[in-house]
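Below you'll find the structure, written out as structure tokens, and then a few comments.
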Amino acid sequence: MQRSELDGKPKQGLNDGAGTPPQGASDALPRRFERFTLLARIARGGMGEVYLATTGASIEGAERPLIIKIIRPDHADDRSFNARFLDEARIQAQLQHPGVAQILEAATDAAGRPYVVVEYVEGRNLSEVRGRAAQLGVRITWPEAMAIGLCLGEALTHVHERTDAEGRPLEIVHRDLSPQNVMVGYGGEVKLIDFGTARGQNRRCHTISGVVFAKPGYVAPEVANNVPGGVPADLYAFGVVLWELLAGRRFLSGAAEEHLALVSAGKRVLPPLARMIGAPPELDALIARLTANRIEDRYPSARAATQDIVALLKRAPSLADGDRSVRGRIADLMRRLYPAEPARSRAEFARKLAASRGLVAESGRPSPEPPEVSDPTRRPGTRSGWMEQPESCF
């Protein structure tokens, strides 16, 4: 079993700072990029760089935060990297759901480099939320965990069941579901992100057989045995994510290779925890069915699992103010974990925005709007769905 070359350090949260910018005057921040302004670099991965950005609004106060992903300069001429980068946009752009971070635009810059503009989520990823709770000694209650699980389950249901304009299934599978790829907003929203390794009917670049893209702790037994991951693999990862949130710790312990060997042999089972956390016993049955070693023993769909989560939440006690809403439970958790963060985050955005006032393009002129083109397959500023199909991806 091979590990993907895309695997790397966990992604940073959107408000973790810009990281260390690359050397060179042209990479100084803030700076203009097409009709946007790049304010801070959030992360740098195997294929691209991720920036906190804003629109080039001419009315002060009308600016809004965005996320822009740009393919790395050292991969700009690599057809394989370009194809995979654009595939993420193609797949994610097909998904229209509150639980999936929305693609707002996919285009190429003046140099022909593809970039993607994504909805900004003011919050933290689920890995950070779990870590913050452990740091503060706050236990995430089972109703809070199930509320997050319900939002995630609804998003997965949309992903797996999405069809094209003619009603044909797109057969989208995330394939890298993990806490790092689930954003939790300070206001209680939950969004699935990062479809860079997702599979779907409109994907033009196909992965190499035997390459595992998921993070080791969330790999299903069949995937560990070199069987391509489908909906059941997403459900397995979903179960592990929920269990970790309830347990307050990682499922993976020790070396990744040893863990995967045990998973592939069906010898790694998530221990029950309902009694320990004061939850109904049906919660253990939910996790066990999501993470069953055999595909046929798992839920048939994310929809079926989500229905059982709904049934569990009906048995959960109300909040102190009587609120029983899913979003209310999650927002209450985020207020306990990050009481000052929303205001600090907005103040930081305002500060970065103020520092960018009056920026002009490197040419000394304001960046123009992308030109209208008659042949979108060959000129800059085109939507990614119109790009030419590469001759080969690998």
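Heads up: the sequence shown begins at 8 in this note's numbering, then just goes up one per residue.
Cβ coordinates follow ideal geometry from the N, Cα and C atoms, glycine included.
First and last residue of the beta strand (DSSP E) that includes residue i?
i	result
F88	Per DSSP, F88 belongs to no beta strand (DSSP E); it is in the alpha helix (DSSP H), 86–100.
E56	55–62
G130	130–132
L45	43–51
Just checking my contact of residue i with residue j at CB under 8 Å: how many whole Å lie between their CB atoms?
i	j	result
F245	L159	7 Å
V57	N132	Actually they do not touch by this definition, with Cβ atoms about 13 Å apart.
E135	Y193	Their Cβ separation, rounded to whole angstroms, is 12 Å, which puts E135 and Y193 out of contact at 8 Å.
I179	G203	I179 to G203, Cβ: 13 Å. No contact.
G106	A162	3 Å
A323	M153	7 Å
R343	G255	With a Cβ gap of about 14 Å, R343 and G255 do not count as contacting.
L195	R334	A small fix is needed here, since residue 195 is Gly in this sequence, not Leu. Right, their Cβ atoms sit about 4 Å apart.
A60	L45	5 Å
W402	A327	Lying before the first or after the last residue shown, residue 402 is absent from the chain, which here runs from 8 to 401.
Tell me which residue opens and which closes the alpha helix (DSSP H) that residue i is part of.
i	result
V124	Run containing V124: none in the alpha helix (DSSP H); it sits in the beta strand (DSSP E), 121–126.
P72	Per DSSP, P72 belongs to no alpha helix (DSSP H); it is in the beta strand (DSSP E), 72–78.
T164	149–168
E289	289–297
G246	238–254
I337	333–344
I302	Careful: I302 lies outside any alpha helix (DSSP H) and carries neither H nor E.
D315	309–320
F7	Within the shown structure, residues of the chain are numbered from 8 to 401, placing residue 7 beyond reach of any answer.
H266	263–271
R282	281–284
E229	228–231
Return the bridge partner residues of residue i from the DSSP annotation.
i	result
E112	V124
G192	G130
V197	V191
F40	F43
R206	V180
V107	L199
Using beta-carbon positions only, say whether residue i and residue j come within less than 8 Å of one another.
i	j	result
Y243	A227	yes
E168	R336	no
D241	H181	yes
P186	E289	no
L184	Q101	no
I78	A205	no
M54	R86	no
P72	Y127	yes
A83	K359	no
V124	I49	no
L249	I294	yes
V197	G224	no
P239	R305	yes
L277	T298	yes
L267	I147	no
A108	I200	yes
V317	L157	yes
N300	G261	no
> Three or more C-beta pairs closer than 8 Å, one from the segment 229–245 and one from the segment 118–132: is that the case here?
Replying inline: The segment 229–245, when compared against the segment 118–132, does not touch it at the 8 Å Cβ threshold.
> Do the segment 125–144 and the segment 276–293 make contact, defined as three or more Cβ pairs closer than 8 Å?
Replying inline: They do not touch, by the three-pair rule.
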